[in-house]
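Residue numbering for the sequence shown follows the working numbering, starting at 5 and increasing by one per position. Accompanying notes for the structure given below.
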Amino acid sequence: MGTLQELDMKERLELMEETARKFKDTSREHDENATFPFENFEALKKIGYPQVTIPAEYGGGGISLWEMLKHQEIIAKYDGATALSIGWHMGIIMDLGEKKSWDEEKYRKVAADVIENGSLINNLATEPATGSPTRGGRPESTARKDGDKYILNGRKTFATLSPILKYAVVSASIEGTDEVGNFVVDTCLQGAHVDETWNSVAMRASGSHDFIMEDVEVASEDLVSFRTPGRKAPAGWALHIPVCYLGIARAAQEAAVNFAANYSPNSIKGTISELPNVQEKLGRIELMLLEAEHFLYSVARKWDQSEAEERQLMGSELGAVKTSIVNKAVEAVDLSMRVVGAKSLSADNELQRYYRNVRAGLHNPPMDDMVIIGLAKESIGRSREADKEASNI
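Put into structure tokens, the structure is as follows:
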């Protein structure tokens with residue numbers, strides 16, 4: 005078995021399918037015990053997956069967003085928690101390299117560690133008191149300047165990947181200023197540790213524990229950026245969120261179709277797949293997921309083909325993709341369970357796990373209300389612009 009970078013795209017996707025298929029064997033065990041699937045990440049590192057979204061100029065694979073999403077959908081079909089977890093790393097390391105938003109040497113150092121050792125990175129911004137950073141709360145985590153160092157203290161929640169994370173990019177309020185900085189914290193540093201708090205009914209194997217900082221010392225160059233007030237720049241890489249739930253929905257669909265094609269109660273001839281009411285449900289599932297696929301991948305392709313200036317105008321589209329795909333995925337899993345009936349609620353049935361996991365998407369950013377209100381404001385703005393142009397004729 006080679007690494008992904010040594011193959012063409014078709015071969016890369018085939019290798020990912022071969023690799024991720026094995027994740028299904030342990031997904032139930034990790035879900036039931038809320039344990040972290042270290043073996044899945046070792047398998048992904050073995051084929052060189054963590055580095056393929058690093059731009060080629062830094063030694064990575066430089067794959068497109070479209071291809072990254074295809075890989076993520078494959079992983080999610082077999083283990084949703086693994087897909088969501090690795091997706092954060094894949095998107096963040098891609099985005100940083102493309103936008104060059106860090107000091108060049110700092111990014112090169114982290115990228116080299118990813119390439120050589122499979123080290124993983126994630127942004128940790130959510131806190132108990134502030135909730136999601138997308139709502140604009142100021143972090144209670146603090147950074148105190150001390151000579152050429154900063155001293156960090158605080159607690160970050162929903163720290164996905166925490167059992168295996170090497171680099172945590174944490175937001176913290178800089179004492180004595182109104183600024184909020186983003187600091188790269190090596191999780192091996194003294195005072196940094198994980199508090200194993202994760203006990204959600206969804207994405208139980210994502211290792212989204214709390215990350216604690218107690219007088220953690222970081223160098224001045226570890227302050228990599230500042231939070232800027234106002235609307236965040238559009239982020240194509242965040243499409244790893246909806247594609248994860250699309251993959252879960254496809255897995256649920258497959259389970260429902262297989263059940264329908266093989267279940268033959270003695271009250272009918274043949275299997276339930278021949279019943280019109282079952283076919284109607286399966287047809288609706290396929291329709292929703294086809295719509296979801298085309299929307300997601302067409303926007304991803306547009307992102308890949310657009311220049312930076314055009315990408316700045318895609319925020320509403322990206323938000324709409326997330327909201328549309330996640331809600332379709334939730335409905336598709338629900339319909340899949342209706343096909344299977346009460347058996348789908350058995351703890352032994354994979355569908356109940358898909359049901360719990362797919363609902364996590366409703367709470368990943370951006371939130372539905374923010375997307376819908378944003379779309380409304382955009383349509384109102386277009387109407388006003390049209391009225392203004394008409395009045396000037």
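Beta carbons: idealized from backbone N, C-alpha and C, even for Gly. Since the structure is predicted, the reported quantities are computational estimates derived from the model, not experimental observations.
Original post:
D254: buried (16+ other C-beta within 10 angstroms of its C-beta) or exposed?
Top reply: Note that residue 254 corresponds to Arg in the displayed sequence, not to Asp. The residue in question, R254, is buried, as its Cβ has 16 or more Cβ neighbours within 10 Å.
**OP:** Return yes when the Cβ of M94 is within less than 9 Å of the Cβ of P54, no when it is not.
**Re:** yes
**OP:** Evaluate P370 with the Cβ neighbour count: other Cβ atoms within 10 Å of its Cβ, from every protein chain shown; 16 or more gives buried, anything less gives exposed.
**Re:** buried
Original post:
Fully enclosed by the region 176-218, which beta strand (DSSP E) runs are 3 residues long or longer?
Top reply: 184-190 and 196-199
Original post:
Are A259 and L349 touching if we call contact CB-CB under 9 Å?
Top reply: No, the Cβ-Cβ distance between A259 and L349 is not below 9 Å.
Subject >> S350 - DSSP class collapsed to helix/strand/coil >> reply: coil
Original post:
Under the criterion of a Cβ to heavy atom distance below 8 Å, does K14 qualify as lining the ligand GDP?
Top reply: Within the structure as shown, the ligand GDP is missing, as the structure has no ligands at all.
Original post:
Counting along the chain, where does the beta strand (DSSP E) carrying K160 start and finish?
Top reply: Per DSSP, K160 belongs to the beta strand (DSSP E) from K153 to A163.
**OP:** Output the distance between the C-alpha atoms of A163 and S277, rounded to the nearest integer angstrom.
**Re:** 43 Å
Original post:
Across which residues does DSSP place S229 in a beta bridge pair?
Top reply: N186
Subject >> the region 191-201 contacting the region 235-251, beta-carbon criterion three pairs below 8 Å >> reply: No, they do not touch.
Original post:
Beta-carbon separation of L243 and W307 under 9 Å?
Top reply: yes
**OP:** Apply the 10 Å Cβ neighbour rule to L128 and answer buried if 16 or more other Cβ atoms are within range, or exposed otherwise.
**Re:** buried
Subject >> Limits of the beta strand (DSSP E) - the one that N126 falls within >> reply: I125 to L128
**OP:** Could you please give the first and the last residue of the uninterrupted alpha helix (DSSP H) stretch that includes A147?
**Re:** Per DSSP, A147 lies in no alpha helix (DSSP H); the unbroken beta strand (DSSP E) holding it starts and ends at T146 to D150.
Original post:
Is the Cβ-Cβ distance between S229 and S145 less than 9 Å?
Top reply: no
Subject >> CB contact flag (I97, A115, <9 Å) >> reply: With respect to A115, I97 sits close: the two C-beta atoms are nearer than 9 Å.
**OP:** For G385, count neighbouring C-beta atoms within 10 Å of its own C-beta (all shown protein chains included) and say buried if the count is 16 or more, exposed if not.
**Re:** exposed
Subject >> Uninterrupted alpha helix (DSSP H) stretches inside the region 263-331 (no shorter than 4 residues) >> reply: 280-309 and 312-315
Original post:
Expressed to the nearest angstrom, what Euclidean distance is found between the alpha-carbon atoms of G84 and Q283?
Top reply: 26 Å
**OP:** Could you name the residues of the same chain whose beta carbon sits closer than 6 Å to that of H34, not counting the 5 residues immediately before and after it, in chain order?
**Re:** P41 and A209
Original post:
Where Y11 and A390 are concerned, what is the direct C-alpha to C-alpha distance, given to the nearest angstrom?
Top reply: With the sequence shown as reference, residue 11 is identified as Leu, and Tyr is not the correct amino acid for it. The straight-line gap from Cα to Cα measures roughly 50 Å.
Original post:
Going straight from the alpha carbon of I376 to that of Y301, what length do you get?
Top reply: 21 Å
**OP:** Starting from V173, follow its DSSP beta bridges and name the residues at the other end.
**Re:** N127 and V188
**OP:** To the nearest angstrom, report how far apart E109 and S320 are at their CA atoms.
**Re:** 33 Å
**OP:** Tell me whether A255 sits in a helix, a strand or coil according to DSSP, three-state version.
**Re:** helix
Original post:
With distances taken between CB atoms, is the gap from I155 to G63 smaller than 9 Å?
Top reply: no
Subject >> V220 - DSSP class collapsed to helix/strand/coil >> reply: Three-state result, V220: strand.
**OP:** Look at the alpha carbon of G141 and the alpha carbon of T161, and state the distance between them as a whole number of angstroms.
**Re:** 14 Å
Subject >> Contacts around L339, its chain only, beta-carbon distance under 7 Å, and the 5 residues preceding and following it disregarded >> reply: K285, R288 and I289
Original post:
Whose C-alpha, out of Q9, D107 and E21, is nearest the C-alpha of G65?
Top reply: Answer by Cα proximity: Q9.
Subject >> Option in T39, A239, E21 and A223 with minimal Cα separation from W92 >> reply: Of the candidates T39, A239, E21 and A223, the one whose C-alpha sits nearest the C-alpha of W92 is A239.
Original post:
Would you say H75 and L165 are within 9 Å of each other, going by their C-beta atoms?
Top reply: no
**OP:** Count the other C-beta atoms from every protein chain shown that fall within 10 angstroms of the C-beta of S123, then say buried if there are 16 or more, exposed otherwise.
**Re:** buried
**OP:** Please list, in chain order, all residues of the same chain as A265 whose beta carbon is under 8 Å from its beta carbon, the five residues on each side excluded.
**Re:** T275 and S277
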